[in-house]
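Peer 1: Counting from 49, one number per residue, gives the positions in the sequence shown under this note's numbering. Would you mind keeping the following structure in view while I ask a few things?
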Amino acid sequence: MRIKYIRVKSALSRSGLKEIDYALNPYLGCYHSCIYCYARDFTRYEEVAKNWGEVIYVKINLLDVLRREVKRLPKGVVGVATITDPYQPIEATYRLTRGSLEILKRYGFKVSIQTKSPLVLRDKDIIEPKQFDVGVTIITMDKDVAKVVEPKAPPPTDRVRILKEISELGVETWLFMGPIIPCLTDN
Numbered sequence: 049m050r051i052k053y054i055r056v057k058s059a060l061s062r063s064g065l066k067e068i069d070y071a072l073n074p075y076l077g078c079y080h081s082c083i084y085c086y087a088r089d090f091t092r093y094e095e096v097a098k099n100w101g102e103v104i105y106v107k108i109n110l111l112d113v114l115r116r117e118v119k120r121l122p123k124g125v126v127g128v129a130t131i132t133d134p135y136q137p138i139e140a141t142y143r144l145t146r147g148s149l150e151i152l153k154r155y156g157f158k159v160s161i162q163t164k165s166p167l168v169l170r171d172k173d174i175i176e177p178k179q180f181d182v183g184v185t186i187i188t189m190d191k192d193v194a195k196v197v198e199p200k201a202p203p204p205t206d207r208v209r210i211l212k213e214i215s216e217l218g219v220e221t222w223l224f225m226g227p228i229i230p231c232l233t234d235n
């Protein structure tokens with residue numbers, strides 16, 4: 049994996065999804081390399097799209113920009129993240145997701161986290177009922193099939209554990225079961 053650094057002008061973008069008002073993506077690109085991922089089609093960076101899973105851009109000034117934005121934007125629901133996994137392995141080093149959650153929590157934004165990584169459990173001290181919800185994507189419970197379609201993602205059993213441990217905190221959890229891939233995950 050190659051790591052590159054970029055500076056951003058904004059941290060939050062208006063969301064086109066009905067359930068969330070803003071999207072926050074701490075990284076550009078995703079290590080998990082899921083073959084079905086739509087996110088590569090949404091990047092302006094050709095290198096990221098062509099080398100999906102191999103190049104990750106770290107938004108080095110994200111937290112400073114977010115601190116400014118939350119003071120002037122109307123409160124709403126923030127989707128963390130919509131075109132990357134906010135808890136991919138690089139998050140253990142850079143902690144941009146954790147820092148973002150702390151800022152959003154402090155300023156009263158609701159947060160909807162979507163991830164495949166048990167690293168989200170590190171942030172259980174921040175994630176609280178009513179202000180946060182956490183969801184995972186599971187395409188199959190067959191670990192061999194998962195390894196083919198999500199080659200670097202944590203196994204499905206880890207994702208079930210995420211839902212269990214987060215729900216034990218009283219935090220709303222949800223599961224996205226898909227996409228359905230004919231002849232592979234449709235049985």
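Beta carbons: idealized from backbone N, C-alpha and C, even for Gly. Computed from a prediction, not measured in an experiment: that's the story for all the values here.
Grab me the residues of Tyr79's own chain with a C-beta within less than 8 Å of its C-beta, minus the 5 sequence neighbours each way, in chain order.
Peer 2: In the sequence shown, the residue the question calls residue 79 occupies position 31. Closer than 8 Å at the Cβ level, and outside the excluded window around Tyr79, lie Met49, Gly101, Ile104, Asp133, Gln136, Pro137, Ile138, Lys200.
Peer 1: Take every Cβ of the region 222-229, pair it with every Cβ of the region 173-180, and state whether three or more of those distances are shorter than 8 Å.
Peer 2: No: fewer than three Cβ pairs fall under 8 Å.
Peer 1: On the criterion of 16 or more Cβ atoms from any shown chain inside 10 Å, does Leu65 qualify as buried, or is it exposed?
Peer 2: Walking along the sequence shown from the start, residue 65 turns up at place 17. Exposed: under 16 other Cβ atoms inside 10 Å.
Peer 1: Give, in chain order, every unbroken run of the alpha helix (DSSP H) that is at least 4 residues long and sits entirely within the region 145-212.
Peer 2: The region 145-212 contains these whole alpha helix (DSSP H) runs: 191-197.
Peer 1: Report back the beta-carbon spacing between Asp30 and Val125 to the nearest angstrom; my notes put them in contact at under 8 Å.
Peer 2: The displayed coordinates of the chain run from 49 to 235. Any statement about residue 30 would go beyond what the structure contains.
Peer 1: If you follow the beta strand (DSSP E) that Glu220 is part of, which residue opens it and which one closes it?
Peer 2: Your numbering for residue 220 matches position 172 in the sequence shown. Glu220 -> beta strand (DSSP E) spans 220-225.
Peer 1: Using the beta-carbon count (16 or more within 10 Å), is Val196 buried or exposed?
Peer 2: Position 148 of the sequence shown, counting from 1, holds the residue named residue 196. That one is exposed.
Peer 1: What does the Cβ neighbour count give for Ala140, buried or exposed, with the cut at 16 atoms within 10 Å?
Peer 2: Counting from 1 along the sequence shown, the entry for residue 140 is found at position 92. Looking at its Cβ environment, which holds fewer than 16 other Cβ atoms inside 10 Å, Ala140 is exposed.
Peer 1: In its own chain, which residues sit with a C-beta less than 8 Å from the C-beta of Leu217, not counting the 5 before and 5 after it?
Peer 2: Numbered from its first residue, the sequence shown carries residue 217 at position 169. Hits under 8 Å: Lys172, Ile175, Glu176, Pro177.
Peer 1: So, with DSSP's three-state summary, where would you put Ala140?
Peer 2: To locate residue 140, count along the sequence shown from 1; it is residue 92. Here Ala140 sits in helix by DSSP.
Peer 1: When you compare each of Val219, Ser215, Val184 to Thr205 by their alpha carbons, which one comes out closest?
Peer 2: Here residue 205 corresponds to residue number 157 of the sequence shown, with the count starting at 1. Minimum Cα distance to Thr205 is reached at Val184.
Peer 1: Classify Asp112 as buried or exposed, calling it buried when 16 or more other Cβ atoms lie within 10 Å of its own Cβ.
Peer 2: The residue you call residue 112 lines up with position 64 of the sequence shown. Result: exposed.
Peer 1: Using 10 angstroms around the beta-carbon of Lys123, count the other beta-carbons present and answer buried if the total reaches 16, otherwise exposed.
Peer 2: Looking up residue 123 in the sequence shown gives position 75. Burial call: exposed.
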